[in-house]
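In my numbering, the protein residues as written are 15 to 492. Where is the CB? At the ideal position from N, CA and C, for every residue including glycine. Since the structure is predicted, the reported quantities are computational estimates derived from the model, not experimental observations. Just below is one structure, and these are the notes that go with it.
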Amino acid sequence: MSGIQFPKPDPSIIARRETIIAGLAALVAPDSLITAEDERRAFETDALTAYRRIPLAVVLPRTTEELSAVLAFLHKEGVNVVARGAGTSLAGGAIPQEDAVVVGVAKMARVLDIDYANRTIRVQSGVTNLSISGAVAAERFFYAPDPSSQLACTIAGNIGMNSGGAHCLKYGVTTNNVLGVKMVLVDGTVVEIGGPYLDSAGLDLLGLVVGSEGQLGIVAEATLRILPMPEDARPVLFGFPTSEAAGGCVAAIIGAGIVPVAIEFMDKLAIEICEDFAHAGYPLDVGALLIIESEGSPAEIDAELARIVAIAKDYSVTTIKESKSAIETAAIWKGRKSAFGATGRVADYICMDGVIPTGKLPQVLHRLNEIVAELGLRVANVFHAGDGNLHPLVLYNINDPAEQAKAEKAGEEILKLCVEAGGCLTGEHGVGIEKRDLMPFQFNPVDLQQQMRVRAAFDPGWRLNPAKVFPLEGRVAA
């Protein structure tokens, strides 16, 4: 991760900037084309704010037809394209290059159809995650994936990164909740993959698209699965003396075959930061906290929680606090979902996204904390413990290059630790630029070449979201 490199911009593209802008202006409304430098700066980075590049231009189409026309034109002109949802990517997935046009879906934000009988909703890809649940809440339905940025992040970005969230332990991540997409390829061709049904014939191209980080095409519409709300849901706070004890409890719960709807982890620093921001009622006298939510009928919840409490007692649990009202439940989840923003008030940070087997949580957490301490930094651990998706926030001062280098070094070592433990580099944030140069640590050269050939089959010129995912050296054509 240290010293992330970008390709040098193509001077021939930059020299044709005015011609390219004129061509785009003929395809979209004036308020859908952003060319002034001060306005383009709003698109120079995403949530990985340590790296910035001002794009050639920004286009915000409103329809699939406009998106198709824009991509066809840019393909003809040989211009690189960076797709953008809401810019909440934590791995630099939406950071542009100077010779690239950002194509954003923010204006493609309509709900197109809701079918309660078949439990589906069809939306444009710029619709925000949380607004989908809002659109169906009156009929007591919801959309299950719930990343912490759900108030802002778009379905396009969720599909690109295969986002999860606190409740993915029971309901799965984005790929388990997307039934079909309408996608525009690099040359403007519009294709439909999947649809409002459970299974499709042939190769699982939908599974290939979800998690492809905007390198196979830009999703214009998506058909998603919606689910009926449970009868009841109850989060419980479990406090432990150490992170290792909390991690051991998680491993034991999963090992016992218990699958609550969510198991979220926070260490002492994360608890203090989130409580100071959200006043969620978290205990401050514990070393680590688990938020475990059960759902179903009151009797089902009581039975599941009784089993979990029995396991927690074997791991020296010191605090057990059940939510007693909808207000308390909302406060508990507000604290957890505001963790990244709350931490940003305290310090700059790099957020990792490695995944490990849940049985390795105690050992990995112990070594992770050692890695950060050895570099003289602090870490706030807050993550989806139920599926082993770690989100350590390594705190540093972005104005201190030496400290930034240490933070990036810590991030590298943490991700390598995850792979060595039998896990992988990313769970839901994507590879982006952040983990691009670590890909050879998880995949051998043959693996990477096969993946690059698949990518090049969709985009032979490597124009879509270039400089991301795959190491810059050794790229292969279709």
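Three-state secondary structure assigned by DSSP to residue i
i: G202; result: coil
i: W476; result: coil
i: Y410; result: strand
i: R321; result: helix
i: I306; result: strand
i: T59; result: coil
i: T102; result: coil
i: N190; result: helix
i: A71; result: strand
i: D401; result: helix
i: R76; result: coil
i: A492; result: For A492, the predicted structure reports a pLDDT of 47, less than 50, and the residue's modelled location is therefore unreliable. A value from the coordinates is still provided. Coil at A492, not helix or strand.
i: L429; result: helix
i: D328; result: coil
i: V483; result: coil
i: A394; result: strand
i: G253; result: strand
i: D246; result: strand
i: D24; result: coil
i: R124; result: coil
i: I334; result: strand
i: R30; result: coil
i: G208; result: strand
i: L41; result: coil
i: L238; result: strand
i: E53; result: helix
i: G118; result: strand
i: I232; result: strand
i: A97; result: strand
i: L217; result: coil
Residues of its chain near residue i, where Cβ-Cβ distance is below 7 Å and the 5 sequence neighbours each way are ignored
i: V224; result: I173, N176, T188, T189 and V192
i: R67; result: F20, E58, I109, P110, Q111 and E112
i: R154; result: P242 and M243
i: V205; result: M197 and L199
CB contact flag (residue i, residue j, <9 Å)
i: F279; j: G301; result: no
i: L88; j: R477; result: yes
i: V117; j: I232; result: yes
i: V408; j: G425; result: yes
i: V42; j: E227; result: no
i: I346; j: A399; result: no
i: L74; j: A36; result: no
i: V141; j: T168; result: yes
i: E318; j: P274; result: yes
i: D160; j: C182; result: yes
i: G310; j: E417; result: no
i: T134; j: R30; result: no
i: V250; j: I128; result: no
i: V198; j: L38; result: no
i: A61; j: S163; result: yes
i: I34; j: E79; result: no
i: A421; j: L452; result: no
i: R350; j: I305; result: yes
Nearest-angstrom beta carbon gap, residue j and residue i [assumed within contact, 8 Å]
i: S511; j: F254; result: There is no way to answer for residue 511, as the model of the chain reaches only from 15 to 492.
i: E307; j: A276; result: 4 Å
i: I48; j: A71; result: 7 Å
i: N479; j: A97; result: 6 Å
i: C365; j: L104; result: 5 Å
i: G171; j: E448; result: Not confirmed; about 15 Å, so no contact.
i: I146; j: Y157; result: 4 Å
Close-in-space but distant-in-sequence residues of the same chain around residue i (CB under 8 Å, 5 per side omitted)
i: H380; result: S257 and E258
i: L382; result: V393, N395, L404, P406, I428 and L431
i: L126; result: R136, V137, Q138 and E235
i: R55; result: I68
i: D201; result: L85, A86 and H89
i: S339; result: none
i: K348; result: A292 and A294
Cutoff 6 Å; reference residue i; Cβ partners in own chain excluding five residues on either side
i: G441; result: D367, V369 and N403
i: L220; result: I207 and G208
i: K374; result: A435
i: F472; result: L230
i: T357; result: I287, Y363, A394 and L407
i: L283; result: A394
i: I285; result: Y296 and L303
i: L165; result: L144
Test: residue i CB closer than 9 Å to a CB of chain C
i: E286; result: Here there is only one protein chain, and chain C is not present.
Next on the checklist: Could you tell me which whole alpha helix (DSSP H) segments of length 4 or greater appear in the segment 347-390?
Outcome noted: 353-360 and 375-388
Checklist entry - Which runs of the alpha helix (DSSP H) spanning at least 4 residues fall entirely within the segment 437-469, listed in chain order? => result 453-456
Item to check | Within the segment 131-179, ranges of the beta strand (DSSP E) (whole runs, at least 3 residues) | outcome: 134-138
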